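In order, the protein sequences belong to chains A, B and C.
In the numbering used here, each number is its position in the first sequence, counted from 1, plus 942.
In the numbering used here, each number is its position in the second sequence, counted from 1, plus 16.
In the numbering used here, each number is its position in the third sequence, counted from 1, plus 884.
Take a look at the structure set out below.
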Amino acid sequence: MATMKFMCDAERCIECNGCVTACKNANEVDWGIQRRRVVTLNDGEPSEVSISVACMHCDDAPCIAVCPTETLYQRDDGIVLHDKDLCIGCGYCLYACPFGAPQFPKENAFGERGKMDKCTFCAGGPAETKEEEYQKYGANRIAEGKLPLCAEMCSTKALLAGDAQEVADIFRQRVVQRGHKDGAWSGNPRAETDSLAYDATQQG
Amino acid sequence: MRLTRKSDTPRNGGLGISRRQFLKHSGATTGGLAAAGFMGAPMMQRSEAAEKTAWSDAPVETKRTVCSHCSVGCGVYAEVQEGVWTKQEPAFDHPINRGAHCAKGASLRQHGHSSRRLKYPMKLVGGEWQRLSWEEAIEQIGNKVLELTEQHGPDSIYWLGSAKFNNEQAYLMRKFAALAGTNNTDHQARICHSTTVAGVANTWGYGAMTNSLNDIQNSKSIMFIGSNPSEAHPIAMQHILLAKEKSQAEIIVVDPRFTRTAAKADSYVRIRPGSDVAFIWGLLWHIFENGWEDQTYIDQRVYAMDEVRAEVAQFPPSVVENITGVGEESMRDTARRLAENRPGCIVWCMGGTQHTTGNNNTRAYCILELALGNIGKSGGGANIFRGHDNVQGATDLGLMSHSLPGYYGLSEGAWKHWARVWDLDYEWLKSRFDQAEYADGKPMYSSGITVSRWIDGVLEQEEDISQRTRLKAMFYWGHAVNSQTRGPEMQKAMQQLEMMVIVDPYPTVAGVMHDRQDGVFLLPAATQFETTGSVTATNRSIQWRDQVIEPLFESKPDHEIMYLLARKLGFGDELVKNFQMNGNQPLIEDITREFNAGMWTVGYTGQSPERLKAHQQNWHTFSFRDLRAEGGPADGDYYGLPWPCWGTAEMGHPGTPILYDTSKKVSEGGLTFRARFGIERDGENILADGSYSQDSDLEDGYPEFTDTMLKDLGWWDELTDAEKAEADGKNWKTDLSGGIQRVAIAHECSPFGNAKARCNVWTFPDPIPKHREPLYTSRRDLVEDYPTWDDVASHYRLPTLYKTIQEKDVTGEYPIILTSGRLVEYEGGGEETRSMSWLAELQQEMFVEINPALANDLAIAEGDMVWVEGAEGGRVKVKAMVTPRVAREVVFMPFHFGGMFQGESLQDRYPEGSAPYVLGEAANTATTYGYDSVTQMQETKCTLCRIEKAS
Amino acid sequence: MNRSTPWRALWRLPLLLLALVASLAVAQLALAQADPEREAATAVPAVDADVWRQIKSGETGPNYRDSRYASDYNLINASGETWRMLRERWVSPFGVIVIVGMIAVIALFYLMVGRKKLDEPRTGRKLLRWSLLVRSLHWTVASLFIVLALTGLNLAYGKAVFRPIFGDGAWAAMMSGTKLIHNYLGPLFGILLVVLLVRLLADNIPRKHDLAWFAKGGGLVGKGHPDAGFANGGEKVWYWLLATAGIAVIVSGLVLDFPNYGQGRDTMQWANLIHGVGAFGLTAVALGHIYIGTLGTEGSFEGMATGYVDETWAKEHHNLWYDEVKDQAIPEAQVNAARSAGSGDQPASG
C-alpha cells in the first residue's frame, strides 16, 4: 500500500504562496484558516530559506494520540483525516502537533474553538454524501486519483506529494543533480565569501 | 528539554512581524471582564463566513484558458459545471508552466466568484452611487463625449486602455481611439516597459523579450538587474531554478533589496537605486579590460561598440564604486562570472525601466549582452519579463499614444496602411482629427499624451499643451490610477475633469479617490474569463483563451462596450465594418483576422485563430525545453507562434522562439537583426558584416525588403500575379498580400533586413547611454558631473521638467531613498486581487520596509505606524516593517494598495458591497515627478522621502 | 627457484594493493573536487548548523516570517511531542494508579479495619458544627467536584473505555456534552471553592497539636484520640491540598478554558499537565475524604448533612473544639425547632 507524504524542497521554494491559495481553491476553507502555511527563516538575510508546511500525516501522529474523542484517525495509506462530528474543540491536537497544522475557527471563552480543521491531503473526510464531504472537509482529490492541489500547483515544483517512495526518489534525483555530497541541506562555507572570486581548487 | 519557548509570548514586537501578518490584539490584552476580550475576539477578520461553492454532479466542461495576472502566461484548466466555475485543475501539459501556479494563478477560480465585483453601471450623483441601466449609461456618457468633442475637439477626451485587454480588445481600442479622432490613448506599458521597448527596439529592431522562459533553462549565467521573478514572475523561477540545477547556471542578482530571488542567487550585488548605467559600464570596463568581449560577434553584428568603449573608459572601478556603491572586487567577480559562463542572459524589469534614464538603462543592458555575444543564442538573450498578462499584446497591438498597431508609428504612411486594413477612407479618417497644428505638429501625426502624464494634461497651462485644450474627460478602462505617480496632484486633476468613466470589473481606486460629488461613471467590464480571445505572453507566444463562464452580474466584455460607445458616438459601423456581429458583440475571431491582415511589421500575421486554437488544444505536443511541437496537429510549430510569425497563415511559418538567432533558417524560426536605421551612418556600414542566417541566399547584410529590392534581386517573378498586383510599390510592411515576406523567406532571408545592432541611437537624447542622476537624488555631489537633461518644452504634448526639479536640493528634508515594487499576492493597482479573499488574506496591511539601523535612527519599532512623506509632499500612513532586506539608506513600499488616501480611509466611497477586502495607502501618493526622456516613463524606482512615527 | 617462489611472487600483491588504494584515493579526490563546484552552485546559501539549531530550538528570530496571518507559530514546535510523552507516559498512568489505587486502599482498609465507630454512646445533645452557608457551599462544591471529576476522567480516558461501548452517534454527543459541562462548570467550581476556602481558613491554620495527631495516626495508632481542634490534622491536610493543588488546578483550568487571551501552545501544555496531575491527585484524595466523611466514620456525615453533630462525636474527634463549645449543646428535640425558627446559622464557637 502506498504511504502518502508531503515533502517540500526548500531549495526550490520561493515563498510564492501558490500552495496556500491552491488549497483554498480546492477546499474553500474560511477566511482566517490556512491549512498550509509558508515559513521563511532569516527573511531578508543571505541565509533566507522558505518552506511550505501543513499537516505532515505523521506515521505516529501525536494529534491522534492526544485527541480525547478520536476525531483524528489514520488511513491505511497514511493520510490522517479528521471527523468534524466528533471534534469538541479542546485544542489538544494543536498543542501536540509539531507543525501547527490543526486550526480552529474561533478562540472564545470557555474553550469554544469550533471544529478543528486541518489539511486532509485533499482526501476529504467521513461523510454521508459528497456534498456533505465537500462542505465539511473540502475536496477529495485522492478519490479521483489526483494528488493534493497544493503540490500539483507549486510554482517551482518544490512541494511534492504522493507515495513516499516516489517522492523520495524525485528528491534524491535532485540532490544528485545538485551534486550534494551529504543531502540537500548541506552547509556551504563558500557562501561566506560571496563577494570574492571562488577558488575552484579549494576542496568544499 | 525546555517546554517554555519564546513562541509563548504574545508578539508585542520582540519576535518581529512578518511582511505577511501584523498581529491585531484587538482588545485581547486589555484586562477586566468587561473588555471585549473576555468573550473572545474571533480570529476571523470578517464576520460573514464565506459560502462554499455548491457541490454538483452535473457534467464537467473543461475549458482551457490562460491566467490573467502576469505575462508568464500559465495554462489553466477551468472546470465548469452548469455555468459555474467549480474546479480549477493544473495544466500539466502546458509547455510554459506545466501546471504550476503562484498564489494568484492558484486562486484564479475566485474570479468567477468574487462578490466585490462591480455589478451594474453606476453614476455618482450628489456624492452617492446610483444605479443605471446600460442604455442610460451609454447615452449619458456618449452625449457628454459628443458635447466635449464639439466644444473642445476630440483630443479633450482621454481613452486610457488596458494591458488586461486581450489582443482583439486592445486592437479594437486603438482603432476606437483613432476613429474618435485622437491619439490620446495608452496603457500600462507606458509606465512599465516603455523604455524597454524604445531602447531595445532602437538597438536592434524589436523591443521584446528575445528568448523564452523555457530557453532560460539553457543559460549558463543569468543576471537579474531590477527584476525579482520570485515575486513578480514566480513560474519563471521554475525555469530559472532548473537552469541552476541542470545547467549549473550562475544566478546573479543586482538589486537595491535583497529580494527573494537574491536568496536563490549565487551572487548578490547591492546597488544604489538609479545607478544602473554606471553599473553596466563598470562591468564592461572589466570585460574590455580583460578582453572578454566577443570581438567576432561585435565585428559582424554590432555597430558603434568603439563609442561605447570610449564612454566605458570613463567608468573605472573607483568611479563606479562612487556612483553605484559596488566595490571593484564585486564588479570584477560579476563580470568574470558573466564572461566565463556563456551563453548567458540578462533579465530586467521595473527596477531598470522606471527611471528618467530608463531608455539609457535598457540600452546599456543590451549593449552588455552584445559585447558578450549573447544575443541570438539559445541560453542567451535580453530576457525582458513583461508585467500584466497582455501588456506585450497590447503594446504590439499599438494601444499607445505614439503608434498604431504593429509599431507602424503615426506617420501618414502608417495611417494610410491602417486605413486600408480597416477598409476606411483615409480622408474620412483624417477628418476625424483636429486639423490645427500645434507645437508637436498636427494631432493626428503627433504622439498623444501618455498615461504617466495625464494629470498634467488636465492641470498644465493650456497654451503649453500641444493640442487645443486640456483634457476634459477621461476613460479609465481597465487601468488602475494608483500605479501612476503624484497622487495628491492626481486627485486635483480628477476634480477638474468634467467626466470620469471607469470601465473595469471593479470600482478601482479611481472610483473613490477623486473626492467629487458627481460626473463619475462606473461601467462593469467582464474579466478575461468571461470572454474569449488571444493573449501574448512575455516570450511573444500568443495563446488562445476559451470563455470559461458567462459575464457575471451585468458586466459586458470590453469589445461589446467599445461597440456600444462607438455606435453612440457615430462610428460604430466603421469600427466593426469587417466583423460579424453577434448582437452587440463583434466576433472575436474576425478581429484577430483583421489584425492578422495588417501587422506585417512584427509578424502578427501568421497567427490565425485556427492555428492558435490548434495550439491551445494540443499543449501536450509542445516540448518543455524548446517549445517546439513534435508531432501532432501543430507539428513543427513553436508554441503560440511567437512573433514574428511571418507571412500569411497559409504560409505556415512556425514562429520565432529566439529572436536574432542566425543559426536557424528564417523559415524555421531564425532571424537577423533588423535593418531599421538605414544602410550606413557617417560613412560606415551598419548592415551585418559577414553574419547571416542559416542557408540564407544573401550571405551578408542586406536592407529591409521592398518591391524594388525583389526586382533587383530577380526574385520578383516568384510572386503570384495577385501578390504582384498588391505588392507593387510596397515594402514588407505594407504589402497586404504577404508576398514580399513569403519570397524573402523562401530564400531564407529576414524580410526586415540583416543589419548590425547599434550601440549609438543617434535619435535619442543620449546617443550612447549615459549615467545621469535621478531627479530626486540623495547624492548631490554627483549631480554636477552626471546631471539630468535640460527641461523640454514639449514632449508627448507636454512640457517636461528635468533640470528644474533636479537643481533643488531637498535632501535636508527628505534624506531617505524611496523605492517601490511588487508583492507576489497582488497585481498592479491591486483592486482586483485585493478583492479576492484567498489572496487578500495573505497581505492584509500596507507597509514600508525599513532597515534595522535606519529604524533605530528614527526610533521606529516593528509594527509602528509611520508617515512616509515624499519629496513633493504627498504622505502615506503605513506600518513599519523592520528588515535587513533593504539597505540603510533605502526604504521600500509595495505599490499594490489603494483605498486609503493620506491617512483617510476611502472605504465608504465604494459602491455598496464592492470595497476590496483589504485597503491601504497607495505608495504612489508619495512618489514624485520624473519622466523618461524618450518615452515619458515615470521615475518610481528612486525618489526621496522622510519618515516619522505617527502619533 | 622452488623455495623462493612463494614469498617473492607475493611482491606483486602489495603493489596491486597500492595501485588499488592509489586509484581509490584519486577517484575520491576527483569526486570531491567535482562536487564543491556544483554543490556550491546549487546549495541554498549558508543553510548551516545555526539555521538547524534555530529550527530545532523552536525559536523565531526577528526575521522569521509566516504566511498565516496573526500567527506566532514557529516552524517546528518540539515541545508538543514532549508534552505528549509526559501525558501518555506519566500523567495518564499516574491518574489511573492513584485513583484505582486509592479505591483499592480504601476497600482494603474498610475490609481490614472497618468503620470507625464512636467509643462512647451518644448523649443525644447536639452541637452546631456547619452553618447553612458552609453546608450549601460544601455540597455545591462537592457536587461540582464530582461532576468535574467524572467529566474530566471521561475526557482523559473515555476513548479507551466508552467508545467501544457506545458507538459513534452517542459517543459524539456524550463527548460534546462532557466538554461543555466541564468547561462551563469549571470556573463556577473555581469561584465557589475559593469562597469556601476563604470561609474555612481560620479553622485550618496548622497548630502544634496537629503534629501529635499525625504521630498517632489520627487515632489509629494506640488507644484514645489525639488532640484536635475544629479541624483535625487530616482535615487540615485535605484543606491545604485544596488550597494548593486545588488552586493550581483552578488556575490552570482557567488558563485552558480561556484561550482567548493569546496563550501560546507551550503555556497550554504546561497548564494541561498541572491540571491533570493536580486533578487526578485531588480526585484520589477526595475519594478518601468521601469515605471518611460517609462510610468511614460514624457521626461525621450527619454533621455536613444537618449541620449538627453529637456531643460524643465532638468529644472524641475534636476535643479541643468541644471544650470551647460544650455549653452550647442543645438537645436533639430543640434542633428541629431551632432550625425551623431560622436561627442556628451560627455554628457553635468560642
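Just so it is clear, CB atoms sit at the ideal spot from N, CA and C, and this is done for glycine as well.
All values reported here derive from a predicted model rather than from experimental measurement.
Rounded straight-line distance, which links the Cα of residue j to that of residue i
| i | j | result |
| --- | --- | --- |
| B:E478 | B:T621 | 41 Å |
| B:Q632 | B:T102 | 21 Å |
| B:T46 | C:G1146 | Reliability of the predicted coordinates at B:T46 is poor, the pLDDT of 28 falling under 50, and no value is obtained from them. |
| B:C90 | A:Q1016 | 36 Å |
| B:E323 | B:L384 | 13 Å |
| B:A387 | B:D801 | 26 Å |
| A:L1138 | B:G197 | Confidence at A:L1138 is low in this model, with a pLDDT of 26, below 50, so its placement is unreliable and the value that follows should be read with caution. Between A:L1138 and B:G197, the C-alpha separation is close to 59 Å. |
| B:A938 | B:T501 | 10 Å |
| A:I1084 | A:P1090 | 7 Å |
| B:K593 | B:L440 | 9 Å |
| A:R979 | B:V92 | 23 Å |
| B:I518 | B:G169 | 21 Å |
| B:I207 | B:M953 | 5 Å |
| A:G960 | A:I975 | 16 Å |
| B:E4 | B:Y842 | Nothing about residue 4 of chain B can be reported from this structure: the residues present for chain B run from 17 to 967 only. |
| B:A741 | B:T956 | 51 Å |
| C:Y994 | C:I981 | 19 Å |
| B:A153 | B:L580 | 10 Å |
| B:F863 | B:S246 | 19 Å |
| B:V536 | B:E144 | 10 Å |
| B:R609 | B:A194 | 19 Å |
Short Cβ contact (7 Å threshold) for residue i with residue j
| i | j | result |
| --- | --- | --- |
| B:A398 | B:I339 | no |
| C:L1140 | C:A1155 | yes |
| A:T963 | B:W150 | no |
| A:I956 | A:T1098 | yes |
| C:T1007 | C:E1195 | yes |
| B:V618 | B:P660 | yes |
| C:T1024 | C:L1076 | yes |
| B:H249 | B:V88 | yes |
| B:L657 | B:Q623 | yes |
| B:L3 | B:C86 | Summary: the structure shown does not reach residue 3 of chain B, with chain B confined to residues 17 through 967, and so no result is reported for it. |
| B:S968 | B:N357 | No statement about residue 968 of chain B is possible, as the shown extent of chain B runs from 17 to 967 and does not include it. |
| B:F985 | B:I756 | Past the edges of chain B, shown from 17 to 967, lies residue 985 of chain B, and the structure says nothing about it. |
| B:G845 | B:G745 | no |
| A:K1160 | A:K1026 | In the structure as shown, chain A begins at 943 and stops at 1146. Residue 1160 of chain A is therefore absent and cannot be evaluated. |
| B:A896 | B:R286 | no |
Beta-ladder partner(s) of residue i, from DSSP
| i | result |
| --- | --- |
| B:Y284 | B:V269 |
| B:G886 | B:C961 |
| B:P540 | B:D520 |
Within 8 Å of chain A by C-beta, residues of the stretch 962 to 982 of chain C in sequence order: Answer in chain order: A962, G964, E965, W967, R968, R971 and E972.
Interfacial residues, the stretch 91 to 122 of chain B to chain A, with Cβ spacing under 9 Å: Within the stretch 91 to 122 of chain B, contact with chain A at the beta-carbon level (separation under 9 Å) is assigned to K103, Q104, E105, P106, F108, N113, R114, G115, A116, H117, C118, A119, K120, G121 and A122.
Validate contact between the stretch 690 to 701 of chain B and the stretch 764 to 780 of chain B using beta carbons, cut 8 Å, 3 pairs: The stretch 690 to 701 of chain B is in contact with the stretch 764 to 780 of chain B.
Interface positions of the stretch 1075 to 1091 of chain A facing chain B (Cβ-Cβ less than 9 Å), listed along the chain: Correct list: E1075, Y1076, Q1077, G1080, A1081, K1088 and L1091.
Residues in the stretch 855 to 877 of chain B having any Cβ partner in chain C nearer than 7 Å: Those would be E857, L858 and Q860, in chain order.
Validate contact between the stretch 794 to 813 of chain B and the stretch 948 to 961 of chain B using beta carbons, cut 8 Å, 3 pairs: They touch, by the three-pair rule.
Residues within the stretch 888 to 902 of chain B neighbouring chain A, beta-carbon criterion of under 9 Å: Residues T899, P900, R901 and V902.
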